[in-house]
Amino acid sequence: MTTASYSPIAAQFSERIRVATEAGTPLRLRGGGSKDWYGQAPQGELLDTRAYAGVVSYEPTELVITARCGTPLAEIEALLAQHQQMLAFEPPRYGAASTIGGVVASALSGPRRASAGAVRDFVLGAVLMDGHGEALRFGGQVMKNVAGYDVSRLLAGSLGTLGLILEVSLKVLPVPLREASLRFEMSEIDALRRLNEWAGQPLPISASCWHEGVLSLRLSGAEAAVEAAQRKLGGVALEDDAAFWTSLRDQTHGYFKDGGSLWRLSVPPAASAIILRGEQLIEWGGAQRWLKVEGTDAEQAAGIRRTVAAAGGHATLFRSADKSVGVFHPLAPAVAKIHERLKQSFDPAGIFNPGRMY
Numbered sequence: 408m409t410t411a412s413y414s415p416i417a418a419q420f421s422e423r424i425r426v427a428t429e430a431g432t433p434l435r436l437r438g439g440g441s442k443d444w445y446g447q448a449p450q451g452e453l454l455d456t457r458a459y460a461g462v463v464s465y466e467p468t469e470l471v472i473t474a475r476c477g478t479p480l481a482e483i484e485a486l487l488a489q490h491q492q493m494l495a496f497e498p499p500r501y502g503a504a505s506t507i508g509g510v511v512a513s514a515l516s517g518p519r520r521a522s523a524g525a526v527r528d529f530v531l532g533a534v535l536m537d538g539h540g541e542a543l544r545f546g547g548q549v550m551k552n553v554a555g556y557d558v559s560r561l562l563a564g565s566l567g568t569l570g571l572i573l574e575v576s577l578k579v580l581p582v583p584l585r586e587a588s589l590r591f592e593m594s595e596i597d598a599l600r601r602l603n604e605w606a607g608q609p610l611p612i613s614a615s616c617w618h619e620g621v622l623s624l625r626l627s628g629a630e631a632a633v634e635a636a637q638r639k640l641g642g643v644a645l646e647d648d649a650a651f652w653t654s655l656r657d658q659t660h661g662y663f664k665d666g667g668s669l670w671r672l673s674v675p676p677a678a679s680a681i682i683l684r685g686e687q688l689i690e691w692g693g694a695q696r697w698l699k700v701e702g703t704d705a706e707q708a709a710g711i712r713r714t715v716a717a718a719g720g721h722a723t724l725f726r727s728a729d730k731s732v733g734v735f736h737p738l739a740p741a742v743a744k745i746h747e748r749l750k751q752s753f754d755p756a757g758i759f760n761p762g763r764m765y
């Protein structure tokens, strides 16, 4: 860990944070606000990060990009596309205002996550402004630099509760040379079985989705590998497949458009079908299962979480008009203590996004 130098805008953030800490005033850290609905309701005075924007460095041959927190995700992806590169975890867009700081803070990944990795797997380094208004640099811009590496990864999914993520360095990957998608009609049980069988084979599967008796697969890689997989797997070509996977990534697919409460169930891929009342959609080779229900009361939420925990996973109330049952799966006491100590270390006055997670 090293102390980072301030830019004029970062200096303004630092002063704002120091004043808030002294007064005990909660701050609501926010970029474009495209994920305000995620987690518990945001609280505190708004600290808008969008003024602190811009790509700090990008070297295509090194597969690393460094950008300030307020940089629009669309701007970063457009720059990467010029060099046939991408953010391999396929970050969702829930609005055009999405920023790279929010991408890391929320740690939400798209359809490619099961094959490429999660957001935290691509975070090489970060600059964090803590509750004292100090900018601290963790990690670096290469995979070999391990100084403070775990801290920079820790920020992924923290929802701004540990501090203001000023800057991030992310590993990027080349865009696949070829992609193709296939459809198979099969039951949920058969789909889970086949996905687990295929996971143990050298197949270039980069995304999967089962819904309403149809399993969809995306193949990505070299031309020869994709064509060989198509011949081996069979199935029917999925028309307009890019639009289909984008609709899953951004949750514009018809499944996500209806009202009610949406749960995200994270379980081991090998887990069998989870029997719960409601409509399901399965991604990530069986590791991510969406459950859509009419409403959620305390008893129903407890039942969902018990069932998922018995399968070796956890359940998140992803979208709901009523979040009184808690968004995230309750933590074990020992893990909760670790959370508390981390929060105390970086934000002793408790001003950053209070209550956003638990």
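For reference, each letter of the sequence shown is one residue, going 408 to 765 in my numbering.
Where a beta carbon is used, it is the ideal one built from N, C-alpha and C, also for glycine.
Cα-Cα separation between residue i and residue j, rounded to whole angstroms
| i | j | result |
| --- | --- | --- |
| GLN489 | ALA614 | 24 Å |
| LEU624 | GLY564 | 27 Å |
| ALA504 | SER668 | 24 Å |
| ALA458 | SER594 | 49 Å |
| GLY762 | PHE753 | 15 Å |
| THR432 | SER513 | 23 Å |
| ASP729 | THR703 | 7 Å |
| ARG585 | ASP648 | 13 Å |
| LEU683 | ILE711 | 7 Å |
For residue i, the first and last residue of its enclosing beta strand (DSSP E)
| i | result |
| --- | --- |
| TRP444 | Run containing TRP444: none; DSSP gives neither H nor E here. |
| ILE612 | 612–618 |
| PHE725 | 721–726 |
| ALA533 | 530–536 |
Where residue i falls, given that 16 or more other Cβ within 10 Å makes a residue buried
| i | result |
| --- | --- |
| PRO499 | buried |
| ALA631 | exposed |
| SER464 | exposed |
| GLY502 | exposed |
Three-state class that DSSP yields for residue i in the structure shown
| i | result |
| --- | --- |
| PRO583 | coil |
| GLU541 | coil |
| ALA644 | strand |
| ILE572 | strand |
| ILE472 | strand |
| ALA417 | helix |
| TYR556 | Only weak support exists for where TYR556 lies, its pLDDT of 42 falling under 50; the value from the coordinates is given anyway. It is helical. |
| PHE496 | coil |
| VAL674 | coil |
| VAL549 | Its pLDDT being 48, under 50, VAL549 is placed unreliably in this model, and the value from its coordinates should be taken loosely. Reduced to three states, the DSSP call for VAL549 is coil. |
| SER654 | helix |
| LEU561 | helix |
| GLU630 | helix |
Where the alpha helix (DSSP H) through residue i begins and ends
| i | result |
| --- | --- |
| VAL734 | Note, VAL734: premise wrong, no alpha helix (DSSP H); not H, not E. |
| LEU749 | 740–753 |
| GLY757 | Where GLY757 is concerned, there is no enclosing alpha helix (DSSP H), given that its DSSP letter is neither H nor E. |
| ILE711 | 705–717 |
| TRP605 | 595–606 |
| SER522 | 520–523 |
| GLY661 | 661–664 |
Residue i vs residue j beta-carbon contact at 8 Å
| i | j | result |
| --- | --- | --- |
| LEU573 | ALA417 | yes |
| LEU470 | VAL579 | yes |
| ASN603 | PRO676 | yes |
| VAL575 | ALA533 | yes |
| ASP665 | LYS699 | yes |
| LEU626 | ALA636 | yes |
| GLY540 | ARG425 | yes |
| LEU494 | LEU487 | yes |
Contact with chain C by residue i, beta-carbon distance below 8 Å
| i | result |
| --- | --- |
| CYS476 | The structure shown contains no chain C; it is built from a single protein chain. |
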